[in-house]
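One structure is given here, and the rest of the page talks about it.
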Amino acid sequence: MNLIIYLADTLKYAFLILITWFLIRPYLNSMLDSKRLILKTERLKTILPLRLQAYERVVLFLERINPTSMLVRVHVAGMTAIEMQQQILAEIRAEFQHNVAQQLYLSNHSWEVVKKIMEDTVAIVNNTVSSLPEDASALVLSKTILHHLESLEMENPYEAALKIIKRDIQQLF
Numbered sequence: 228m229n230l231i232i233y234l235a236d237t238l239k240y241a242f243l244i245l246i247t248w249f250l251i252r253p254y255l256n257s258m259l260d261s262k263r264l265i266l267k268t269e270r271l272k273t274i275l276p277l278r279l280q281a282y283e284r285v286v287l288f289l290e291r292i293n294p295t296s297m298l299v300r301v302h303v304a305g306m307t308a309i310e311m312q313q314q315i316l317a318e319i320r321a322e323f324q325h326n327v328a329q330q331l332y333l334s335n336h337s338w339e340v341v342k343k344i345m346e347d348t349v350a351i352v353n354n355t356v357s358s359l360p361e362d363a364s365a366l367v368l369s370k371t372i373l374h375h376l377e378s379l380e381m382e383n384p385y386e387a388a389l390k391i392i393k394r395d396i397q398q399l400f
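For any residue, its number in the working numbering is found by taking its place in the sequence shown, counting from 1, and adding 227.
The following block contains the structure:
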């Protein structure tokens, strides 16, 4: 008889614990959800400015390696095409190294686009120089590169890259 009383008491308390659990569980879940939301908000307050700054720096990088602005900035009167090529490539490498850490805050797709634009710019410069006579001037190199960019049938690659970056930024909000 003591065993039956003991089992009845145990079931009574187990049932009470079970009811209490089902009553408290929604409250605990809502508390947990609100804590997660607070943590996510705090994380966004820290990360969002860093991501925006990274996108801003990458946009500046793209603008700086765009031949339309870079050729004017790098050109010095009396330069040969080969000297200008070396100056352009050094400038591109320095800019890229200065901004390489930004990939931490960019989407993978955006970073791949940035790298491709940089590699394509280097290729355009190298291919253009190799197609010119050895004694060509920097001015001839500049004109040939700009003519090549104008002759592209597709959208300007630098503008296309900027559109991709802007689309990524819009997804942050």
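Glycine included, each C-beta is placed from N, C-alpha and C at the ideal position.
The model shown is predicted, which means the values in this text are computed figures rather than measured ones.
Residues that DSSP places opposite residue i in a beta bridge
i: T371; result: T371 is not bridged to any residue.
i: S364; result: T307
Endpoints, alpha helix (DSSP H) assigned at residue i
i: F242; result: N229 to I292
i: A387; result: P384 to Q398
i: I328; result: Ile is not the amino acid found at residue 328; the sequence shown has Ala there. Unbroken run through A328: none, as it is neither H nor E.
DSSP-derived helix/strand/coil call for residue i
i: S378; result: coil
i: S296; result: helix
i: S334; result: coil
i: L316; result: helix
Outcome for residue i when other beta-carbon atoms lying within 10 angstroms are tallied against a minimum of 16
i: I231; result: exposed
i: N256; result: exposed
i: F400; result: exposed
i: L259; result: exposed
i: A304; result: exposed
i: Y332; result: buried
i: S261; result: exposed
i: F288; result: buried
i: A387; result: exposed
i: I244; result: exposed
i: Y282; result: buried
i: Y233; result: exposed
i: I319; result: buried
i: S337; result: buried
Under 7 Å between C-beta atoms of residue i and residue j
i: I392; j: P294; result: no
i: A365; j: M297; result: no
i: S358; j: D395; result: no
i: V301; j: I315; result: yes
i: A308; j: L368; result: yes
i: T348; j: I292; result: yes
i: Q329; j: R278; result: no
i: M306; j: F323; result: no
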